[in-house]
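Notes follow the structure.
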Amino acid sequence: PFVYKNKVIGRGVIFLEIFPMQGKTLGNFVLEKKINQGGFGEIWEAFFEGDPSQKFAVKILDYPEGFDYLKQEYQVLKKLHHPQILKPTYADFEHDPPYVVLEYIEGENLREILKSKGGFSLKETLNIIDQLLDIVEYIHKKGVVHCDIKPENIILRPNGEVILLDFGLAFCPETLQSQILLSGAFDSGTKNIAGTIQYMSPEQKKGEKITPSVDIYALGVLFYELLTGELPEFGEMPNKALNEKEKNIPALSEKVNQFFLLSVATLSKRFKSAKEMKKSLKEIHFLLNPVAPKVSWTQKILVFIVSIPKFYKKIKDGVVIAWKKAYQIAKLTLLVLFLMGLGYLGWKISQIDFSPKPTSTFQKSAQQKKKEAKKSQKSWFSFFFRKELPEESKKSKQKADQEKWNPEEMSFFQKLIAYIWDYFNQIRDYFRKLARFGVQSASFFSAF
Numbered sequence: 039p040f041v042y043k044n045k046v047i048g049r050g051v052i053f054l055e056i057f058p059m060q061g062k063t064l065g066n067f068v069l070e071k072k073i074n075q076g077g078f079g080e081i082w083e084a085f086f087e088g089d090p091s092q093k094f095a096v097k098i099l100d101y102p103e104g105f106d107y108l109k110q111e112y113q114v115l116k117k118l119h120h121p122q123i124l125k126p127t128y129a130d131f132e133h134d135p136p137y138v139v140l141e142y143i144e145g146e147n148l149r150e151i152l153k154s155k156g157g158f159s160l161k162e163t164l165n166i167i168d169q170l171l172d173i174v175e176y177i178h179k180k181g182v183v184h185c186d187i188k189p190e191n192i193i194l195r196p197n198g199e200v201i202l203l204d205f206g207l208a209f210c211p212e213t214l215q216s217q218i219l220l221s222g223a224f225d226s227g228t229k230n231i232a233g234t235i236q237y238m239s240p241e242q243k244k245g246e247k248i249t250p251s252v253d254i255y256a257l258g259v260l261f262y263e264l265l266t267g268e269l270p271e272f273g274e275m276p277n278k279a280l281n282e283k284e285k286n287i288p289a290l291s292e293k294v295n296q297f298f299l300l301s302v303a304t305l306s307k308r309f310k311s312a313k314e315m316k317k318s319l320k321e322i323h324f325l326l327n328p329v330a331p332k333v334s335w336t337q338k339i340l341v342f343i344v345s346i347p348k349f350y351k352k353i354k355d356g357v358v359i360a361w362k363k364a365y366q367i368a369k370l371t372l373l374v375l376f377l378m379g380l381g382y383l384g385w386k387i388s389q390i391d392f393s394p395k396p397t398s399t400f401q402k403s404a405q406q407k408k409k410e411a412k413k414s415q416k417s418w419f420s421f422f423f424r425k426e427l428p429e430e431s432k433k434s435k436q437k438a439d440q441e442k443w444n445p446e447e448m449s450f451f452q453k454l455i456a457y458i459w460d461y462f463n464q465i466r467d468y469f470r471k472l473a474r475f476g477v478q479s480a481s482f483f484s485a486f
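Heads up, the sequence shown is in the numbering used here, so the first residue is 39 and it goes up one at a time.
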């Protein structure tokens, strides 16, 4: 067995190569098939012993110096709680070989997809980077820097969801093993380096202090690779392939180039955070899909209030002619209706028979008529909404009205007033019927 830091940590590569792992049991987990090869171990699909429906991913150490990295990953994952980061279920570092059990998810890593299709469309690339920025923003807030973002460590699920894997090289000051990043785990001839060289920022390659900017740089390189199918060549113009990809939309091409160049710029000019990077990404989204942004009701009201002076100025200047036309049409319509009403009234008056009729034997004195007139004076409200008289009272009232309005004793003006009075009585009866119908309808619908 291998001995690392005075600890016996298992047979590692020799164990995995000599003894086939398929069907073997680690603790209560039965290994079913190998699904990936990591930097310090293999990842196997497994199920809980006695229940094949419960699937898990088991990461098995196969490299002696990876022991601390495996332990580091388990400690970091226990600290993080995000739907797009795998949850650790169990770990056994005393087992031969040591292993960590994670939740199992269906999907394919981006490296395999890139090999098969060569690259992604701009829309697909934006979707992947957008999700990764959400994850990276979350882990940075938790004080964790991934330090190894690359296609091999990203799973794309069938539903389009992105999962970020492999936190073995993550830098987190609160964990016991984070200083391992400064120990020069890779024999690359450069001191204090840990990561994948193609995705490492210049300061990371020099072994300088680890900051969240190293993940920003890696995401910029990944953005370029997903879009073009190639790694950027910084010796030449790195945005040449991006120009070719979206040359039909100059504004979009310019934004895509700007996003990439700010992602991989020197530390002082690079995006300061994942949040800032995501804001720039939204501008590309908008150019690709120019949809009007959602506006709240508060914003709409404020815009309306602010635009009122401008709106009146436009009316004054004659720009909004439609409103003037509508006003003129409304005035003309009201005038026509008024004239039609006068015409109808004149026609009705012409139909009145003003020939002399025998006067009634029932004659009232002027004093009696005054008294009755005072009694009949009511408010406009009672005129329209008082209760209707019974049929007999109606008939006697009509008879009294006929006797009161004697055509022989009236001038033409009095006859006109009498007719208008009769017209308003008809309107009053109409409103009474309408009110009764409304009450009946209300009582009918309230039953439901």
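Cβ atoms here follow ideal geometry from the backbone N, Cα and C, with glycine treated the same way. Keep in mind it's a predicted model, so treat the numbers as computed, not measured.
Inset, instruction - Could you check the C-alpha separation between Gly154 and Tyr112 for me, to the nearest Å? - result: The residue asked about is misnamed: residue 154 is Ser in this sequence, not Gly. Each residue's Cα considered, the two are about 32 Å apart.
Legend entry - Residues near Asp186 by beta carbon distance below 7 Å, same chain, minus five either side: Asp204, Leu207, Gly233, Thr234
Legend entry - Cβ contact (3+ pairs, closer than 8 Å) linking the region 121-138 and the region 95-110: yes
Inset, instruction - Just the C-alpha distance for Met378 and Leu372, rounded to the nearest angstrom, thanks. - result: 10 Å
Inset, instruction - With a 10 Å radius around its C-beta and 16 neighbouring C-beta atoms as the bar for buried, classify Gly198 as buried or exposed. - result: exposed
Inset, instruction - Look at the alpha carbon of Asn286 and the alpha carbon of Lys244, and state the distance between them as a whole number of angstroms. - result: Low local confidence applies: a pLDDT of 47 at Asn286 is under 50, so the model's placement there is unreliable, and no value is given.
Inset, instruction - Tell me whether Arg308 is buried or exposed, calling it buried when 16 or more other Cβ atoms sit within 10 Å of its Cβ. - result: buried
Inset, instruction - Using 10 angstroms around the beta-carbon of Lys179, count the other beta-carbons present and answer buried if the total reaches 16, otherwise exposed. - result: exposed
Inset, instruction - Taking the CB atoms as reference points, tell me whether Pro189 and Glu144 lie closer together than 9 Å. - result: no
Legend entry - Check whether Phe297 and Phe261 have beta carbons under 9 Å apart: yes
Legend entry - Classification of Pro250 by the beta-carbon crowding that lies within 10 angstroms, buried from 16 upward: buried
Legend entry - Glu150, enclosing alpha helix (DSSP H) - first and last residue: 148-155
Inset, instruction - Measure the Cβ-Cβ separation of Val183 and Ile248 and say whether it is below 9 Å. - result: yes
Legend entry - chain C within 9 Å of Glu111, Cβ atoms only: Note that chain C does not occur in the displayed structure, where there is just one protein chain.
Inset, instruction - Sort Phe86, Met59, Gly79 by Cα distance to Phe67 and report the nearest one. - result: Phe86
Inset, instruction - Give every residue of the same chain whose Cβ lies closer than 8 Å to the Cβ of Leu319, excluding the five residues on either side of it in the sequence, and list them in chain order. - result: Leu164, Ile167, Asp168, Leu171, Phe297
Legend entry - Residues near Ile151 in its chain [Cβ-Cβ closer than 7 Å; skip 5 each side]: Leu194
Inset, instruction - Using the Cα positions of Lys293 and Glu314, report the straight-line distance between them to the nearest angstrom. - result: 14 Å
Inset, instruction - May I ask you to report which of helix, strand or coil DSSP gives Tyr142? - result: coil
Legend entry - Start-to-end residues for the alpha helix (DSSP H) that takes in Gln242: 240-243
Legend entry - 6 Å CB neighbourhood of Leu124 in its chain, flanking five on each side removed: Leu140, Glu141
Legend entry - Of the residues Gln92, Tyr461, Leu118, Ile98, the one placed nearest Val174, counting alpha carbons only: Leu118
Inset, instruction - With DSSP collapsed to three states, give me the class of Ile123. - result: strand
Legend entry - Cα-Cα separation between Asp467 and Asp460, rounded to whole angstroms: 11 Å
Legend entry - With 16 other Cβ atoms within 10 Å as the buried cut-off, status of Ala368: exposed
Legend entry - Endpoints, beta strand (DSSP E) assigned at Gly79: 79-86
Legend entry - Cβ-based neighbour list, Gly157, same chain, cut-off 7 Å, excluding 5 preceding and 5 following: Leu264, Leu265, Thr266, Gly267
Legend entry - Residue span of the beta strand (DSSP E) that contains Ala256, given as start and end: Not the beta strand (DSSP E): Ala256 falls in the alpha helix (DSSP H), residues 251-266.
Inset, instruction - Have a look at Ser159, Val302, Lys116 and flag the residue whose alpha-carbon is nearest the alpha-carbon of Val138. - result: Lys116
Legend entry - Buried/exposed call for Leu69, threshold 16 Cβ in 10 Å: buried
Inset, instruction - To the nearest angstrom, report how far apart Leu160 and Ile322 are at their CA atoms. - result: 10 Å
Inset, instruction - May I have the straight-line CA-CA distance separating Asp100 from Ser291, to the nearest angstrom? - result: 45 Å
Inset, instruction - Counting only the same chain and skipping the five closest in sequence on each side, list residues whose C-beta sits under 8 Å from that of Glu146. - result: Ile193, Leu194
Legend entry - Reference Asp312; option with closest CA among Tyr176, Ile465, Leu305, Gln110: For the sequence presented, residue 312 should be read as Ala rather than Asp. Considering only alpha carbons, the answer is Tyr176.
Legend entry - Beta-bridge pairing of Ala95 - partner residues as DSSP gives them: Glu83, Leu140
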